[in-house]
Each structure stands twice: as C-alpha cells, then as structure tokens.
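Undergrad: For reference, each letter of the sequence shown is one residue, going 1 to 274 in UniProt numbering. The beta-carbon is built from N, C-alpha and C at its ideal position, and this holds for glycine as well. Here it is: the structure, laid out below.
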Amino acid sequence: LLHEASIWRRLHHPNITPFLGLAPIDGLPHLMSPLMQNGAADDFVRKNPNVDRVRLLVQIAQGLEYMHTQNPPIIHGDLKANNILVSEDGSACISDFGLSRVFEGTGSAVTLAASSSSAPAPITMAYHANFRWGAPEVLLLGMPRTPASDIFSLGRLMVELLTGEIPFPGLADQAIILHLDTGRYERPANSDAMACGLDDEMWALILKCWNRDPPKRPTAAQVVERLLRMPEPASVHPSWEATVGGDESSGSRTLISSEAMDSTADLLNVIMGY
C-alpha cells in the first residue's frame, strides 16, 4: 500500500482518479479516493451501449500521456478496463497503481528505478494473471515494464472497450500465451464493434500499439493525437441499438493532457517460474 500511495499521490490530472490519502479502517490502512458513481469502464460500456467509447479512449490515453511525461516517467503496469473508473460526469479516470513504477532512462535506454538496486523489479503474480493485456516482452522475456509495454496494454484495452469483451474471449491461459508468442489476434468483425468505433483506422492504430518491436510503438501523445482525429462512432446516436455490452452527447474531443499446446505449456511454466 505504501508503494502504491507513494506513486498515486504524485499524480494530479482530470483523467487520473484522485488520491485522498491513507485512512485506517478496522485497524488496517486503506487507500482512499472519491466514489466513482459509474464504476469500472468495462461495466459502464455494457450498461451504456450508446456511450462514446472513442471519447473514453481519448481520456484514458491523455491520463497515460500525463503519467509518461512526468520526470521521471511513471509506468502504470496494469492497464485494463477494470482499472479505469468512470466519474459521475462520464469521464474516464485511470486507477489501481499497485503495479506502477517510476522509471529513469536516457535516450532509448530505460531502466527501472529500484529503491536500492538498478536490477529490474520481478514480475509479480498479479501481473502473471494479466496475460490478456500484458506485453509479450514482459510476459515472455521477463523484461521490465516500460512506457512501450503500457502502450501495448492500451491497445488491448482499446479492443476491450470497443467490443465490450475482454481480450481473447473464451480462450484459456495456454491458448492466450500461444497467441501472444506468435503475435496473432483476430480482428473483431461484428457490426456492433464497428459502430462503436472499431473501424479500419482504429484497427490500424491498435496494431501499431501491438508492434513486436517496443520502440516502434506510438507514444501515448501520438495515440491521443490519432484518437482525436477519429470520427464520432455511430453508436452514440440514440437510434442505434446494440447487442454488446444512458445515452451521452459526445460533443467535441478536447485535448486535456499536457505535456501446439506443449510448447505453450513450456512457455507458461517459464513465465510462472515453474
């Protein structure tokens, strides 16, 4: 908790869930934040099929851009729709900084800033569970999390919000690892996802976020710039009826931010440390 609090307390942005402090409850310290009336983003889009999901993605990317442009940068490390909260006014706010890290680096060399050592922080069991969102260089090669690994996860999150389903729906962990190792991901082709914003331009951006070479992925600022140019999705119009899971007027998008299975089992065992 103290680590999470030390990271979270530094962050002040409209698309970051505010940190109110630590408070004892039943004798144990708890992290405190305002109640987000609309809950997590994955539930929010299912309950509100007409919401402008591209607008939510803009806001998430703006919050991530803010984190990555801190000095030194702050890496979230666990981006997924369940870690995005939606405020009463429908704004997306990044939350859950338990796997976040402060990074230091010059040029293209980026290393973890550890408390007493420059060695990479170990991947925790919590991160092991996130095969659906994690970057291959982190999960398969044990490399430290970086801004580029956050961008990979952002791409997964984009698919999640636009389809209303977690990445790789219906696949078990071993099958997911096989897909992660080969870089395969089938483009969702249903009309609902298209109406929610998953058009050719959006898919091209997502594929850039998933580039196998981390330095070739876009920055969060570049993702924001691309998303701001995306057309308003058809799903925001009240006449559109969805089968994926309150209406919201989208308005204009405004820039806020500143600145085979055996081999698969072997991979899984390596990752889990067996």
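(1) Do you know offhand how far ARG101's Cα is from VAL54's?
(2) Run the CB neighbour count on SER191, radius 10 Å, all protein chains shown included, and call it buried at 16 or more, exposed below.
(3) How far does the beta strand (DSSP E) with GLY21 in it reach, from first residue to last?
(4) Check whether the Cβ atoms of PHE97 and TRP8 lie closer than 8 Å to each other.
(5) If LEU154 and CYS196 are in contact, beta carbons under 8 Å, what's the gap, nearest whole angstrom?
(6) As a quick exercise: from ASP26, SER149, ASP52, pick the residue whose alpha carbon is nearest that of VAL86.
(7) So, under 8 Å CB-CB, LEU57 and LEU178 are touching, yes? Tell me the CB distance rounded to an integer number of Å.
(8) So GLN59 packs on ASN15, CB below 8 Å; how close in whole Å?
(9) What residues are listed by DSSP as bridge partners for residue 288?
(10) How many angstroms separate the CA atom of GLY107 from the CA atom of VAL138?
(11) Which residue from LEU2, ILE25, SER95 puts its Cα closest to that of GLY39?
(12) Are the segment 132 to 149 and the segment 213 to 230 touching, with three or more C-beta to C-beta distances below 8 Å?
(13) With DSSP run on the structure shown, which of helix, strand or coil describes ILE7?
(14) Tell me, please, which residues DSSP counts as bridged to LEU28.
(15) Taking the CB atoms as reference points, tell me whether VAL159 and ILE84 lie closer together than 8 Å.
(16) Straight-line CA distance for PRO73 to CYS93?
(17) In its own chain, which residues sit with a C-beta less than 8 Å from the C-beta of GLY183, not counting the 5 before and 5 after it?
(18) Taking only runs of the alpha helix (DSSP H) that begin and end inside the segment 132 to 219, which ones reach a length of at least 4 residues, in chain order?
(19) Using only the alpha-carbon positions, how far apart do ALA193 and GLU165 sit?
(20) So which of LEU64, LEU140, HIS237, PRO233 has the shortest CA-CA distance to ILE176?
(21) Which stretch, first to last residue, makes up the alpha helix (DSSP H) that contains GLU65?
(22) I need the DSSP call for ARG101, collapsed to helix, strand or coil.
(23) Where does VAL223 fall in DSSP's three states?
(24) Measure the alpha-carbon distance for ASN71 versus GLN174 and round it to whole angstroms.
(25) Report yes if the CB atom of MET32 is closer than 8 Å to the CB atom of ALA41, and no otherwise.
(26) Taking only beta-carbon atoms, is GLU65 less than 8 Å away from chain D?
TA: In short:
(1) Distance between the alpha carbons of ARG101 and VAL54 is about 27 Å.
(2) SER191 comes out exposed.
(3) Residues 21 to 25.
(4) Taking 8 Å as the cut-off, the beta carbon of PHE97 is found closer than this to the beta carbon of TRP8.
(5) Between the beta-carbon of LEU154 and that of CYS196 there is about 17 Å, and that puts the pair past the 8 Å contact cut.
(6) Scanning ASP26, SER149, ASP52 for the CA closest to the CA of VAL86 turns up ASP52.
(7) A Cβ-Cβ distance of about 28 Å is found for the pair LEU57 and LEU178, leaving them out of contact under the 8 Å criterion.
(8) Confirmed, about 5 Å.
(9) Look at the range of the chain in this structure, 1 to 274, and you will see that residue 288 is not part of it.
(10) Annotation note: pLDDT 40 at GLY107 (below 50); position unreliable, coordinate value reported separately. Their backbone Cα atoms lie some 20 Å apart in a straight line.
(11) Closest option to GLY39, Cα to Cα, is SER95.
(12) Contact between the segment 132 to 149 and the segment 213 to 230 is present: three or more C-beta pairs spanning the two stretches fall below 8 Å.
(13) In this structure, ILE7 counts as helix in the three-state DSSP scheme.
(14) Answer is ILE25, bridged to LEU28.
(15) At least 8 Å separates the beta-carbon of VAL159 from that of ILE84.
(16) PRO73 and CYS93: Cα-Cα distance of roughly 18 Å.
(17) Cβ within range, chain order: PRO136, TRP210, ARG212.
(18) Whole alpha helix (DSSP H) segments, 4+ residues: 136 to 139, 147 to 163, 173 to 182, 191 to 195, 200 to 209.
(19) Near 10 Å, if we compare the C-alpha coordinates of GLU165 and ALA193.
(20) Closest option to ILE176, Cα to Cα, is LEU140.
(21) In the DSSP annotation of this structure, the continuous segment of the alpha helix (DSSP H) that includes GLU65 starts and ends at 53 to 68.
(22) Under the three-state reduction of DSSP, ARG101 is assigned to strand.
(23) VAL223: helix per DSSP, three-state reduction.
(24) One alpha carbon belongs to ASN71, the other to GLN174, and they sit about 38 Å apart.
(25) Against a cut-off of 8 Å, the Cβ pair of ALA41 and MET32 comes out as no contact.
(26) This model lacks chain D altogether, as it is built from one protein chain only.
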